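Visitor: In our numbering, the protein residues as written are 61 to 310. For every residue, glycine included, the Cβ atom is placed at its ideal position computed from N, Cα and C. Remember, predicted model here, so these are calculated numbers, not experimental data.
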């Protein structure tokens, strides 16, 4: 993929098709909770900046745009070294928790089934359960990429544009917009949104995806009153989706 930056054309190895387009979402000022502040442009979020109170719980932030379909990639830069119990990057539904006060220091993203998160300590969280996903990262300037493919139901994280592997599957079943999210328990955490790209499926792809996920078995495609060519395309589509669904969900 090539993008223009500061008048220059740069070639970037991003996990997105050539047909993807830039996005311009920012952090949602309507989601401010105790312990969060936004930069003037709303691309940066600051956690627990009060010099007296410091951190007295866990604070989260959500992006302004939720995704229901298509393929999406964005990057979160750690402007300060991550520290404390938990600093996380991930996604969540509109029902995902954005705050845990009263000195509750928790891994907010993934504490229930409404969100999915990656901690800087290398653990992936969802539904209150965690597993070792990657090595911890502690460096200032670390860039975590988030690759969400809703049609295949997958979520992959990147570290400095190197894939960390498949983190979660089954996301096509959520049936609710999925928003970019971050959270932190640590004082003076600073995170900023970087590159953002999306590709939206064509009408044919949307129809095929809906049909594929509605049929419990591939051989049921032959029962549909469709032309043979369309049935063949649908079988191929369902087989591709099935490959991703065979991976263990978390």
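1) DSSP state of residue 280, grouped into three classes?
2) Taking only the alpha-carbon atoms, compute the straight-line gap between residue 238 and residue 148 and give it to the nearest angstrom.
3) Kindly indicate the opening and closing residues of the beta strand (DSSP E) around residue 116.
4) When the Cα atoms are used, what is the spatial distance from residue 138 to residue 96?
5) What number of angstroms, rounded off, separates the C-alpha of residue 129 from the C-alpha of residue 108?
6) Give the DSSP-derived three-state secondary structure of residue 78 in the structure shown.
7) Is it true that the CB of residue 117 sits closer than 8 Å to the CB of residue 167?
8) Report the three-state DSSP secondary structure of residue 274 (helix, strand or coil).
9) Look up residue 292 in the DSSP assignment and say whether it is helix, strand or coil.
10) Would the beta-carbon of residue 158 fall within 8 Å of that of residue 122?
11) Curious, which full-length beta strand (DSSP E) runs of at least 3 residues does the segment 129 to 158 contain?
12) Using the rule of at least 16 other Cβ atoms within 10 Å of the residue's Cβ for burial, across every protein chain shown, is residue 282 buried or exposed?
13) Between which two residues does the beta strand (DSSP E) harbouring residue 256 extend?
14) How long is the line joining the alpha carbons of residue 275 and residue 267, rounded to whole angstroms?
15) In the DSSP output, which residue or residues are listed as bridge partners for residue 97?
16) What residue from 247, 187, 221 and 249 has the CA that sits closest to residue 30's CA?
17) Would you report the Cα separation of residue 300 and residue 132, rounded to the nearest angstrom?
18) Quick one: residues in its chain with C-beta nearer than 6 Å to the C-beta of residue 106, no 5 flanking neighbours on either side, listed in chain order?
19) Just how far apart, CA to CA, sit residue 206 and residue 154?
Guide: According to the data block:
1) helix
2) 16 Å
3) Neither: residue 116 is in no beta strand (DSSP E) and is coded neither H nor E.
4) 15 Å
5) 34 Å
6) coil
7) no
8) helix
9) helix
10) yes
11) 131 to 138 and 147 to 152
12) exposed
13) 249 to 259
14) 13 Å
15) 106
16) Here the chain covers residues 61 to 310 and nothing more, so residue 30 does not appear.
17) Confidence at residue 300 is low in this model, with a pLDDT of 49, below 50, so the placement of that residue is unreliable and no value is reported for it.
18) 97 and 250
19) 18 Å
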